[in-house]
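Student: Residue numbers (the numbering used here): 2 to 284.
Here a beta-carbon is modelled for each residue, glycine too, at the ideal position from N, C-alpha and C.
Given the structure is predicted, the values throughout are model-derived calculations rather than measurements.
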Amino acid sequence: MTAVIINGRDVADKKKHEIAQEVSSLKGQGVTPGLVVILVGNNHASRTYVTNKEKTCKELGMNSLLIEMPEETSEAELLAKIEELNNDAAIHGILVQLPLPKHIDETKVIETISPLKDVDGFHPINIGRMMTGQNTFLPCTPFGIMVLLEEYGISVAGKHAVVVGRSNIVGKPVGQLLLNQHATVTYCHSRTKDLAEQTRQADILVAAVGIPNFITAEHVKEGAVVIDVGINRNEAGKLCGDVAFAEVSEKAGYITPVPKGVGPMTITMLMYNTLQSAKESIN
Ligand code: GUN
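(1) Is there at least one non-hydrogen atom of the ligand GUN closer than 7 angstroms to the beta-carbon of D121?
(2) What runs of the alpha helix (DSSP H), each 4 residues or longer, lie entirely inside the region 158–239?
(3) When you compare only the Cα positions, how much space is there between N64 and I92?
(4) Hey, Q216 and A208 are a contact pair by Cβ (cut 8 angstroms); roughly how many whole angstroms apart?
(5) Check whether the region 271–282 and the region 22–33 touch, using three or more Cβ-Cβ pairs below 8 angstroms as the test.
(6) Would you call N274 buried or exposed, if buried means 16 or more other Cβ atoms sit within 10 Å of its Cβ?
(7) Cβ of L99 versus every heavy atom of the ligand GUN: is any distance shorter than 7 angstroms?
(8) The beta strand (DSSP E) with V41 in it runs from where to where?
(9) Check whether the Cβ of L1 sits closer than 7 angstroms to any heavy atom of the ligand GUN, and report yes or no.
(10) Quick check: V227 and V244, are their CB atoms within less than 8 angstroms of each other?
(11) State the DSSP-derived secondary structure class of V110, mapped to helix, strand or coil.
(12) Do the region 116–129 and the region 52–68 make contact, defined as three or more Cβ pairs closer than 8 angstroms?
(13) Checking 8 angstroms against the spacing of the C-beta atoms, do P102 and E72 come in under that value?
(14) Kindly indicate which three-state DSSP category S278 falls into: helix, strand or coil?
(15) Compute every distance between the C-beta of I170 and the non-hydrogen atoms of the ligand GUN, then say whether any falls below 7 angstroms.
(16) Jot down the residue ranges of each uninterrupted beta strand (DSSP E) in the region 69–123, minimum 3 residues, whole runs only, in chain order.
(17) Just how far apart, CA to CA, sit T185 and G159?
(18) I'd like to check one pair, L139 with L178: are the Cβ atoms closer than 8 angstroms?
(19) Below 6 angstroms CB to CB, which residues in the same chain sit around E69 once its five sequence neighbours on both sides are set aside?
(20) Have a look at the DSSP bridge pairing and note the partners of N8.
Encoded structure:
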């Protein structure tokens with residue numbers, strides 16, 4: 002079997018077009034969705050992500066504000082800045098780019114962001130709402146994966162989904178969203194015994210481990226849907242995912258490439274969440 006390639010770039014473009022239309026009509030009602038991104042320190046990868054977020058905001062007609070704070074910013078200073086933005090009616094989304102410098106407690110920072118402006122979907126209140134199936138901000142990468150499945154008409158109910166990786170940002174929430182849509186979910190991680198035995202059971206396999214080419218053909222059942230969340234560099238410095246694309250795409254039914262797979266969906270769903278927050282603010 003040769004897999005259908007899930008084109009995340011195309012789906013993201015379609016969704017961004019829809020979001021831009023809604024932004025435009027919201028502006029007609031006097032509200033421009035506004036996202037603040039806070040970047041603390043000089044992490045190189047973070048800077049690239051943050052620039053892309055700003056650029057996409059502008060493309061879609063939203064207001065975007067980048068607040069850059071130096072590496073030596075104290076936790077108290079950062080928390081005070083968040084409080085200020087929590088109280089600013091023109092700001093609908095607050096995103097603090099992770100990772101933060103070691104002297105700042107990420108949990109405290111996330112819990113200080115108002116759940117009403119937590120467009121990352123990282124606040125425990127929003128995670129709790131997601132777990133109980135309530136309407137809330139969903140974390141952007143898992144949300145983007147669910148949208149890709151929907152757009153390609155891939156049903157989830159009754160399927161066996163295997164998630165490799167258990168991060169708070171991707172692994173845990175994507176498993177929960179798949180469960181919410183009635184999949185049977187298995188989580189695998191670094192301590193899982195005989196990983197391939199588990200992953201070969203998957204109708205839907207999500208790889209979110211951060212190791213280049215970690216998932217090979219022997220891990221994959223014929224015809225499976227393979228979602229690759231990895232953004233890695235191989236030995237040659239080339240962008241690659243967690244899945245050995247060439248060999249797995251010969252066996253899978255559907256596969257997301259890297260780049261142009263899950264990646265473009267993450268920022269798109271951040272824009273979607275910011276738009277929803279702005280809409281809520283006028284209700
Ligand atoms: N760092 C890497 N991914 C993310 C993300 O989705 N949100 C935030 N805030 N930081 C990140």
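Tutor: To lay it out plainly:
(1) By 1-based counting over the sequence shown, the position of residue 121 is 120. D121: yes, Cβ under 7 angstroms from the ligand GUN.
(2) 172–181 and 196–200
(3) Within the sequence shown, the letter at position 63 stands for residue 64. Within the sequence shown, the letter at position 91 stands for residue 92. Answer to the nearest angstrom: the Cα atoms are 9 angstroms apart.
(4) What you label residue 216 is simply residue 215 of the sequence shown in a count that begins at 1. What you label residue 208 is simply residue 207 of the sequence shown in a count that begins at 1. The question names Gln, but residue 216 in the sequence shown is Ile. Indeed, because the Cβ distance is near 5 angstroms, the residues count as touching under 8 angstroms.
(5) yes
(6) As a first step, residue 274 is located in the sequence shown; it is residue number 273 there, counting from the start. Counting Cβ neighbours within 10 Å, N274 comes out buried, since at least 16 surround it.
(7) To locate residue 99, count along the sequence shown from 1; it is residue 98. Under cutoff, so the answer is yes.
(8) The sequence position of residue 41 within the sequence shown is 40, counting from 1. That run of the beta strand (DSSP E) goes G35 to V41.
(9) For the chain, the structure presents residues 2 to 284; residue 1 sits outside this window and is missing.
(10) Mapped onto the sequence shown, residue 227 falls at position 226. Mapped onto the sequence shown, residue 244 falls at position 243. Closer than 8 angstroms, so yes.
(11) Along the sequence shown, read from residue 1 onward, the residue named residue 110 stands at position 109. The answer is helix: DSSP assigns V110 an H, G or I state.
(12) no
(13) Counting from 1 along the sequence shown, the entry for residue 102 is found at position 101. Counting from 1 along the sequence shown, the entry for residue 72 is found at position 71. Contact flag set, yes.
(14) Counting from one through the sequence shown, the residue named residue 278 turns up at place 277. Note: S278 maps to helix in three-state DSSP.
(15) As a first step, residue 170 is located in the sequence shown; it is residue number 169 there, counting from the start. Indeed, a heavy atom of the ligand GUN lies less than 7 angstroms from the Cβ.
(16) 94–97
(17) Translated into positions along the sequence shown, residue 185 becomes position 184. Translated into positions along the sequence shown, residue 159 becomes position 158. Straight-line Cα distance between these residues: approximately 6 angstroms.
(18) Counted from its first residue, the sequence shown places residue 178 at position 177. Counted from its first residue, the sequence shown places residue 139 at position 138. A contact, by the Cβ cut-off of 8 angstroms.
(19) Against the sequence shown, residue 69 aligns to sequence position 68. Same-chain partners within the cutoff: L40.
(20) Looking up residue 8 in the sequence shown gives position 7. Answer is none; N8 lacks a bridge partner.
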